[in-house]
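Working notes, beginning with the structure itself.
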């Protein structure tokens with residue numbers, strides 16, 4: 297089943313906001329929330345998508361014949377493909393009643409794990425969702441990443457303690473979540489965190505032997521602060537445009553950030569990555585791996601675990617094909633010299 | 297009530313020219329005058345709007361938690377938000393019969409004052425309008441800015457004397473008004489002013505303890521002349537494209553002008569500023585505050601004083617949110633390093 | 297009568313090719329010949345038009361009050377406005393049966409002369425047309441410019457001798473005319489000319505006290521050769537895209553050409569100039585005056601001599617307004633520093 | 297018969313995928329395969345086409361009168377025009393049942409030969425097609441180029457032996473063919489080749505006195521490897537976007553490649569070349585000759601051999617016209633200084 301078929305199957309099974317477009321590029325959903333829309337003018341998601349399209353690759357087929365190895369290391373685990381499934385906080389609200397948040401998390405965690413990748417679970421407003429995701433990850437021997445929102449420290453530390461018990465592949469915090477419109481006025485409040493507070497969280501993770509990843513870094517300055525905070529990884533992300541309008545595309549800020557901190561921490565990126573070619577582009581610009589989020593909601597609504605596995609397989613195949621056409625035998629071989 | 301709701305309410309209550317679009321970007325009104333259209337090809341208003349969209353901000357949420365302070369100083373007065381309501385000369389002609397000019401001025405003056413901001417009143421062709429606006433500002437203890445067109449000096453000095461009596465927050469002259477098509481052949485004629493003439497006006501203002509602001513400066517050269525004339529402030533403005541076609545967007549000329557004269561005089565800017573994010577962009581490029589004009593006509597036609605207050609509130613909220621997402625605690629903290 | 301009204305009046309009075317658009321920008325006519333279309337992809341005419349739109353002017357109204365003087369010198373004659381009417385070779389074929397070529401030439405020559413400007417007459421395939429145009433120019437005491445196509449030298453010299461007898465303001469040769477599709481295989485053939493041949497033509501003109509202008513120069517190299525040939529002026533022109541596809545816009549090559557030869561020869565420009573603002577742009581980029589062609593066909597088909605006069609008047613008014621808004625009292629004052 | 301007429305005639309005679317558009321620019325066919333569509337987003341074919349449109353030529357008609365000589369040398373043979381017909385591997389599958397592959401190859405070989413040019417034959421999956429093409433080329437005394445896909449070396453050497461027997465003008469290998477979706481999993485497999493393997497092929501060609509050309513080079517690095525392999529020529533080609541999405545336009549990479557290897561090997565280019573003007577652009581950017589492919593399928597479906605000859609003639613005429621308008625008497629005279 298390819299992505300277009302999943303998207304076709306998803307139509308009719310989703311809420312009114314996501315149109316399950318053949319190409320998920322932020323145009324049809326625009327600025328509507330609830331739904332997958334971006335904030336304000338609703339143009340950031342489209343900017344993300346289009347920025348990858350401008351990154352051109354250098355085809356070169358004069359080289360050894362090989363089977364491309366698409367796997368990457370992620371904090372000591374081997375992922376079959378440099379793509380993890382991004383976290384959603386409230387799939388029912390934004391994508392429709394067919395899936396409960398807990399079931400959605402189970403679905404993507406299971407399918408990703410089977411496919412040799414990892415899913416990230418979101419941190420909704422209901423405690424039970426976090427707890428359920430943690431149970432799932434524990435059951436999967438830690439094959440998952442738990443995201444915690446930047447609540448007040450008391451809440452964060454409580455959620456963290458619970459999450460660490462599952463020994464997840466990593467703990468992530470979407471540090472930019474305070475910009476989500478539906479979190480405005482929520483209790484406990486989510487908000488910015490100082491490097492001192494983040495260091496406390498990182499320390500707790502490290503004590504448990506778990507890497508800590510900051511999601512929502514969009515500048516060299518921010519990346520430096522993340523490193524100072526003791527984070528083991530960052531996600532170059534603008535939250536798909538949902539937390540702040542008028543920000544750059546992730547592909548446009550990635551290279552400078554990777555140059556600055558790429559040797560010290562793991563650099564991930566998300567935003568508009570839709571094909572294995574886009575994954576190649578991201579790695580060539582300096583990312584170690586990618587998060588892809590919305591299309592997996594579509595895949596799940598369209599075809600459940602099978603959809604998730606098939607889309608991961610499609611991304612791996614497309615990435616492998618591009619690697620062969622550009623002469624990269626392993627993901628380590630993909631670098632900026634392979635861009636035109 | 298948010299802006300889209302006001303705009304929806306305004307439709308049906310306005311004359312045929314303004315379409316009260318959900319996003320006021322100069323497209324629907326084009327080049328039609330009367331109405332809010334721009335001169336010639338009618339493209340300058342759209343250029344203004346689009347130039348802000350290209351200014352990208354650097355999101356950074358690794359910082360202290362704070363409540364953003366959106367207030368700014370304007371010649372010794374504290375504005376709750378760096379936005380003032382721009383002047384209109386003939387609201388009935390351009391926006392429809394629902395509002396008489398005098399009533400419109402009263403409405404925006406009252407509402408802005410209540411919201412902790414200021415409205416600027418326009419200088420139409422009927423003397424009574426100027427007089428009425430001055431009376432309103434006097435009643436509001438000077439909480440308003442009186443604009444005088446560049447008529448012949450005799451007319452200007454007479455209008456100035458009347459205006460100063462109200463001790464307004466400032467006196468402004470829209471030095472570019474001679475380009476307005478409907479002023480062609482008007483008596484007394486409006487036209488350019490020399491630095492010598494402007495100095496006479498500035499001196500009269502200063503004698504009364506009132507700052508003098510030149511509106512319609514679009515170049516470094518012009519800004520220098522404004523400073524030489526003794527102006528205390530300038531508005532980087534192309535009059536929404538209504539006085540000259542083929543001019544740059546205000547966002548594109550603002551940085552160089554602010555670099556040149558920003559330490560000597562107050563630098564304001566208008567043209568296509570529609571959201572609190574746009575206000576952030578303007579301040580980051582060097583403006584001390586902004587004027588927003590057409591959307592307040594829509595707000596007034598849609599919801600009267602409540603609309604004006606609500607839209608000012610919306611701009612303040614959006615600005616505050618952007619400040620929090622970019623790590624600016626006060627308006628002074630917003631600078632070009634916060635742009636991407 | 298403004299241009300839009302003339303265009304409206306022309307519709308129904310023209311052949312099927314020209315649509316008499318409110319803005320004559322090469323879109324509707326595309327690549328169709330006969331008709332005013334451009335060659336090949338038909339995109340050069342539009343490129344010409346759009347290039348002017350990107351030239352932005354620096355509005356500045358802090359200056360003396362003056363009545364702008366729009367006049368320019370053209371080889372010792374004073375033109376009321378730096379616009380002459382461009383030549384057409386076969387108005388009936390391209391614009392419709394309403395006007396015979398001879399009558400069209402008479403119309404534009406008379407009207408331009410009355411308005412203080414000059415019309416250029418084209419060189420069609422019928423000898424009588426050239427003869428008639430020459431008679432008209434003689435009757436108008438030389439107030440016109442005769443264009444001769446680059447036929448073989450024998451034909452050129454014969455036509456030249458006839459033309460010089462009228463003592464026209466100048467003799468022009470559209471050196472690029474060999475690219476006109478309908479001249480292919482014509483006898484006598486039109487074609488390139490060497491600097492030696494051109495010098496012979498220039499000499500003949502100079503012997504009669506008449507300036508010689510080369511129309512169709514699009515490069516610095518070409519401009520240098522024109523000067524070497526003894527030409528007194530050049531027209532930076534791509535023949536509205538009708539002789540060669542894939543060429544630059546005239547506005548884009550004008551500045552370098554004017555820098556190279558502007559002190560030695562008169563530099564004219566055509567292609568997509570439609571408003572007085574465009575004329576200002578052309579002068580700011582280094583032109584001494586402009587040719588405008590197609591809109592005068594529309595003006596003539598719509599309103600005859602009155603249309604021609606009114607459109608010339610409109611261009612003068614618009615240019616004057618722009619000069620006042622930018623602080624240029626005379627056409628000599630318009631320079632590149634007035635561009636943004 | 298001009299191209300638009302052939303395209304009109306082809307409509308109704310083709311399969312459902314190619315629309316025989318008046319301008320063949322990759323828009324209508326998009327990303328559909330079978331059919332002429334490009335891979336992935338389907339945007340590379342359009343990118344190819346548009347890149348040529350941005351290459352602007354310097355018109356200059358002050359020069360000697362001459363009849364432009366459009367011929368070029370191709371490995372010792374004189375081509376009447378620097379255009380050869382590109383290879384198709386399965387015309388029936390992609391363009392419709394009207395033509396069998398063998399007949400199509402015969403048609404283009406014959407017509408190109410008669411017109412003084414050469415057709416390249418493709419290497420489909422059926423052995424008989426290769427054999428038939430070789431027979432045709434032998435019959436035409438070698439006036440054709442045989443393309444061999446990068447199968448395993450055993451298959452390649454067998455096909456090569458057969459092909460060399462016809463003493464074709466050259467042997468080509470489309471080194472990028474492994475990216476063709478319909479070759480995935482095919483037996484024998486097509487794939488990358490090392491410089492060592494390519495040198496073996498080149499040696500075999502040279503032993504037979506036949507030049508060897510590598511088609512599908514898109515970078516300076518790849519071009520250097522082609523030279524190292526002993527190739528006598530390269531085709532700067534992205535296979536019309538059919539083998540890899542997200543690659544640059546051929547016009548954008550051609551200049552650097554031609555600068556690097558143009559003095560050592562013959563540099564050809566394809567991708568979106570549709571007119572004689574485009575051929576001029578390609579030569580000006582450093583190509584020795586071009587391949588044009590899809591339009592010849594349209595020409596053949598529309599008008600058979602006559603269509604092929606007429607379209608070749610049209611390209612020659614358009615090239616000649618452009619050469620005259622730009623002052624290039626021979627194809628050797630066309631260089632980058634003739635670009636704007």
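Chains as they are written, first to last, in the numbering used here: chain V, 297 to 636; chain S, 297 to 636; chain H, 297 to 636; chain W, 297 to 636. Beta carbons: idealized from backbone N, C-alpha and C, even for Gly.
- Residue burial annotation: residue 442 (chain H) is buried, with at least 16 other C-beta atoms found within 10 angstroms of its C-beta.
- With 16 or more neighbouring CB atoms inside 10 Å of its own CB, residue 398 (chain H) falls in the buried class.
- The Cβ-Cβ distance between residue 533 (chain V) and residue 574 (chain V) does not fall below 8 Å.
- Neighbourhood of residue 541 (chain W) in chain V, by CB distance below 7 Å: 573, in chain order.
- Between the stretch 615–634 of chain V and the stretch 356–369 of chain V there are three or more C-beta pairs closer than 8 Å, enough to call the two in contact.
- Residue 380 (chain H): not part of any alpha helix (DSSP H); member of the beta strand (DSSP E) spanning 379–381, first to last residue.
- For residue 422 (chain W), the secondary structure class from DSSP, reduced to helix, strand or coil, is coil.
- Against residue 514 (chain H), the close residues of chain W are 354, 355, 356, 636, in the order they occur along the chain (beta-carbon pairs closer than 8 Å).
- Look at residue 360 (chain H): its C-beta is under 8 Å from a C-beta on chain S.
- Membership of residue 622 (chain S) in the alpha helix (DSSP H) is indicated by the continuous run 590–622.
- Residues of the same chain with a CB within less than 8 Å of the CB of residue 436 (chain S), apart from the 5 flanking positions on each side, are 405, 406, 409 in chain order.
- The count of Cβ pairs closer than 8 Å, one atom from the stretch 491–499 of chain W and one from the stretch 337–350 of chain V, stays below three, leaving the stretches out of contact.
- Within the stretch 459–527 of chain W, the runs of beta strand (DSSP E) at least 3 residues long that lie entirely inside it are, in chain order, 466–470, 508–513.
- Rounded to the nearest angstrom, the Cβ distance from residue 579 (chain W) to residue 529 (chain W) is 15 Å, too far for a contact under 8 Å.
- Taking CB atoms only, residue 569 (chain H) has no neighbour in chain W less than 8 Å away.
- The beta carbons of residue 416 (chain V) and residue 596 (chain V) sit about 14 Å from each other, so the pair does not count as a contact at 8 Å.
- Per the C-alpha coordinates, the member of H:457, H:558, H:448 positioned closest to residue 430 (chain H) is H:457.
- For residue 337 (chain W), no beta strand (DSSP E) run applies, since DSSP gives it neither H nor E.
- Under the DSSP definition of a beta bridge, residue 586 (chain W) partners with W:379, W:565.
- Rounded to whole angstroms, the gap between the alpha carbons of residue 308 (chain W) and residue 304 (chain S) is 50 Å.
- Three or more Cβ pairs drawn from the stretch 504–516 of chain S and the stretch 549–556 of chain S lie within less than 8 Å of each other, which places the two stretches in contact.
- Between residue 604 (chain H) and residue 403 (chain H), the CB-CB gap stays under 8 Å.
- Counting only Cβ-Cβ distances below 8 Å, residue 444 (chain V) has no contacts in chain S at all, with the closest Cβ about 14 Å away.
- When DSSP reads this structure, residue 444 (chain W) sits in a beta bridge with W:469.
- Distance check between residue 380 (chain W) and each of W:459, W:362, W:411 places W:411 closest, using alpha-carbon atoms only.
- Per DSSP, reduced to three states, the secondary structure at residue 370 (chain V) is strand.
- By the CB criterion at 8 Å, residue 321 (chain H) and residue 299 (chain H) fall outside the cutoff.
- Under DSSP, residue 433 (chain W) takes part in no beta bridge, so it has no partner.
- With its beta carbon at least 8 Å from every one in chain W, residue 463 (chain H) lies outside the interface.
- Closest in C-alpha terms to residue 493 (chain S), from the list S:584, S:607, S:508, comes S:508.
- If you draw a straight line from the Cα of residue 347 (chain W) to the Cα of residue 631 (chain H), it comes to about 34 Å.
- Less than 8 Å separates the beta-carbon of residue 540 (chain V) from that of residue 475 (chain V).
- Residue 575 (chain S): member of the alpha helix (DSSP H) spanning 572–580, first to last residue.
- Note on residue 590 (chain H): 16 or more other CB atoms within 10 angstroms of its CB, so buried under the neighbour-count rule.
- When the alpha-carbon of residue 477 (chain V) is set against those of V:518, V:428, V:330, the nearest one is in V:330.
- For residue 472 (chain V), the residues of chain S that pass the 8 Å Cβ criterion are 355, 357, 621, in the order they occur in the chain.
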